[in-house]
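Residue numbers (my numbering), protein chains in the order written: chain A, 1 to 142; chain B, 1001 to 1406.
C-beta atoms are modelled at their ideal positions from N, C-alpha and C, and glycine is treated no differently.
Because the structure is a prediction, the values reported are computed rather than measured.
Right, one structure below, let's go through it.
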Amino acid sequence: MSNGFRVDLSGLHDFSARLRNNLDGDLWPEGDAIGPIFQAGVPFGFRSASPAVQQAAVDYHERLGEILRLMDAFLHNSEVMVQTAQTVLTRYRDADDLAHLDLRAVISASSEAVTAGEPFVSEARHEAADETNYRPDHGVRS
Amino acid sequence: MTYEAHRLPQLWTMVEADDGSAAAYHLNTWERQITLLSEQSKRLKDLRADLVSRWPPDQSDASFAFVSRVTEMINAMDQTVDDSVRVRTGLKQVADALEGARKQLAPLLAEYHDQGAAWRSMTHGAFPELPVGLISGVGVIPGADEYVLQTHQRKLDEQAREIMRNADQIVTEAQTPLSKKMANYVRFDDVQPQSPGRLTGPVRGGNSTFSPPLTHALVPPPTFDPPVPPLVDPGPVLAATNPTVVNNPSRAIPGVAGGPVASVPGELIRRLPPGQSVLRSGGVIGGRGPAFEPRSTDHGPVGGVVGGLGGMAPIGRGRDGTSTVRQTSQPSLPGRVIEGGAAPLAPGMAGGWRDRQYEEYVKRRQTPIPGDPDNPWNVAEGIAPVIEPPPERRHDVGPGVIGIDR
């Protein structure tokens, strides 16, 4: 699936920020308003002797429990998504920082290695230059 | 349910609180819920599209996992919106049915103890083509108020039962949308094992303020407190007209002395043999109150009643500890309407219509009966009978009768 590595951190940041706004602006206030009303229970049939009405009340009671669980799940999971997005952002930044440090180390190590090897390289380069002074063609190149 | 055991007052109690206000509060809340989730779903779709363009899931496993969770939530929200619409529809059906029944029962209840309405109903039943403007709520048959009211109430009871049965039909239909389960979507925690000490409630705003999970406050299960139906369905001759008091355990069992006693419909009074008295509604033999059916002595003649009042009508209200039967030497009244009758003589005397031979009868009774006072049963011999009775037949008991030695 993954054909490469590509991430625009600003996209993840926007997602997290806008979902945060949704939660604070609408989801939580509405959830706080809606919850107590449904938690109050079934609003009909308290004095009814009808099995049909009583069954409807029992069914409706189950639906109230389900909608409250759903709202709870939406709120909870939205919060998790906001936090997950922030965590991913942090991890990517950390990963970038780590990558930057690693590169410097590599560069440094490479530099040292290059420095340490420079005499040998130079000698080899001189030997090669001496050999270039032998001119069997008496200085005439074709 | 047929509601046969219930009468209008109990049926009214069943729906009295269902005036639609509490249900309307829920209906509005469902509406808010639906709007909220619809809008949030749309926002999430926009967020997802933007995110995918900048963090393509096909190029990142992390993006794929994250976007999948967002998609799951969007789908659950859309499903919840559909389910919420369905539940709201079912609730509206139930609420409308109960509120409708309540609205229909209210005017019936207002007429339930209305004697005038009872008479109007009775008159209308007897003369259905009579214009409504001519129908009066005044009783036209003395002593029949109780009977007419009970008949009226039985009619209202049946109307109320029919209203309740119709409401039940609608409620039964509403069970289809109400009984279906909603979307199955749970917290991320619930699909993974929770870490010890993990917070169970959603954390609002990423700070340390915890909002209690909505589901932790349980929805109280419905409890039902239906009115108890009357123990006895009062028929036309039972005393109590208020079915709610029939339940009163302080009342004795019907038929037992001291308990509720029969009321006396006018129809029964007319059919009573002369001289027979009847218990009034609520009367108790030997009790303190008036036991026997009182009759007003200033009632005028009943117009158009062929046969008149055939029974002896006890007169006067009793006093405490006394029987209200008037052991009078006055003759019982024949009560037949023949011709040339007269109004009752005076207040305190038995009412009713008398034919013109009444005065002669009274005079005859006031004069001493001639004859042997020691043998008052002797009668004067008359002429030879024209028709002789048939000869007495011998009765043969036949064979096989135990105790007869043949």
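Looking at residue j and residue i, is the spacing between their C-beta atoms short of 8 Å?
| i | j | result |
| --- | --- | --- |
| Arg-1043/B | Asn-22/A | yes |
| Ala-56/A | Gly-65/A | no |
| Glu-1099/B | Asp-1019/B | yes |
| Arg-1165/B | Thr-1002/B | yes |
| Val-1219/B | Phe-74/A | no |
| Leu-27/A | Leu-89/A | no |
| Leu-1109/B | Leu-1008/B | yes |
| Ile-67/A | Met-1182/B | yes |
| Ala-1005/B | Pro-1227/B | no |
| Leu-1047/B | Arg-18/A | yes |
| Tyr-1112/B | Gln-1153/B | yes |
| Thr-1013/B | Arg-47/A | yes |
| Ser-10/A | Val-82/A | no |
| Val-1171/B | Ala-1106/B | no |
| Tyr-1025/B | Pro-51/A | no |
| Gln-1175/B | Asp-59/A | yes |
| Val-1087/B | Arg-69/A | no |
| Ala-1101/B | Ile-1163/B | yes |
| Asp-102/A | Arg-1054/B | no |
| His-61/A | Pro-1221/B | yes |
Select from the options the residue whose C-alpha is nearest the C-alpha of residue i.
| i | options | result |
| --- | --- | --- |
| Lys-1092/B | Ala-1380/B, Pro-1177/B, Thr-1223/B and Trp-1119/B | Pro-1177/B |
| Ser-1041/B | Ala-1023/B, Asp-1082/B, Pro-1009/B and Pro-1056/B | Asp-1082/B |
| Asp-14/A | Leu-1051/B, Trp-1012/B and Glu-1039/B | Leu-1051/B |
| Ala-1065/B | Ala-33/A, Leu-19/A, Asp-8/A and Thr-84/A | Thr-84/A |
| Val-1409/B | Gln-1159/B, Gly-1090/B, Ala-1126/B and Gln-1175/B | It is not possible to answer for residue 1409/B, since the shown part of chain B is limited to 1001 through 1406. |
| Ser-1021/B | Gln-1079/B, His-1395/B, Thr-1172/B and Val-1094/B | Val-1094/B |
| Gly-31/A | Ser-10/A, Met-71/A, Leu-19/A and Glu-127/A | Met-71/A |
| Gln-1150/B | Gly-1116/B, Asp-1078/B and Ser-1063/B | Gly-1116/B |
| Asp-1078/B | Ala-1024/B, Asp-1157/B, Ala-1097/B and Tyr-1185/B | Tyr-1185/B |
| Thr-87/A | Ser-1063/B, Ala-1049/B and Lys-1045/B | Ser-1063/B |
| Pro-29/A | Tyr-1025/B, Glu-1031/B, Leu-1036/B and Trp-1030/B | Leu-1036/B |
| Ser-1038/B | Arg-1069/B, Ser-1084/B and Asp-1058/B | Ser-1084/B |
| Gly-1090/B | Asp-24/A, Val-53/A and Gly-25/A | Val-53/A |
| Arg-1069/B | Gly-1400/B, Asp-1396/B and Asp-1189/B | Asp-1189/B |
| Asp-1157/B | Gln-1169/B, Pro-1131/B, Ala-1118/B and Glu-1381/B | Ala-1118/B |
| Val-1015/B | Lys-1045/B, Lys-1103/B and Gly-1398/B | Lys-1103/B |
| Ala-49/A | Ala-1167/B, Glu-1173/B and Thr-1123/B | Ala-1167/B |
| Ala-1144/B | Met-1122/B, Asp-1396/B and Ile-1383/B | Met-1122/B |
Does the beta-carbon of residue i, which I'm using as the reference point, lie nearer than 7 Å to any heavy atom of the ligand ADP?
| i | result |
| --- | --- |
| Gln-1040/B | Judged by which ligands are present, the structure shown has none, so any question about the ligand ADP falls away. |
At which residues does the alpha helix (DSSP H) containing residue i begin and terminate?
| i | result |
| --- | --- |
| Leu-27/A | Per DSSP, Leu-27/A belongs to no alpha helix (DSSP H) and is neither H nor E. |
| Asp-1168/B | 1145-1179 |
| Gly-1400/B | Premise fails: Gly-1400/B is in no alpha helix (DSSP H) and is neither H nor E. |
| His-1124/B | 1115-1126 |
| Pro-1009/B | 1008-1015 |
| Arg-1364/B | 1358-1366 |
What does residue i reach in chain C if we use C-beta pairs closer than 8 Å?
| i | result |
| --- | --- |
| Ala-1106/B | Structure shown: chain C not included; protein chains present are A and B. |
Entirely enclosed alpha helix (DSSP H) segments - the segment 1028-1106 of chain B, minimum 4 residues: none
Hey, is the segment 71-79 of chain A in contact with the segment 1071-1078 of chain B, meaning 3+ C-beta pairs nearer than 8 Å? yes
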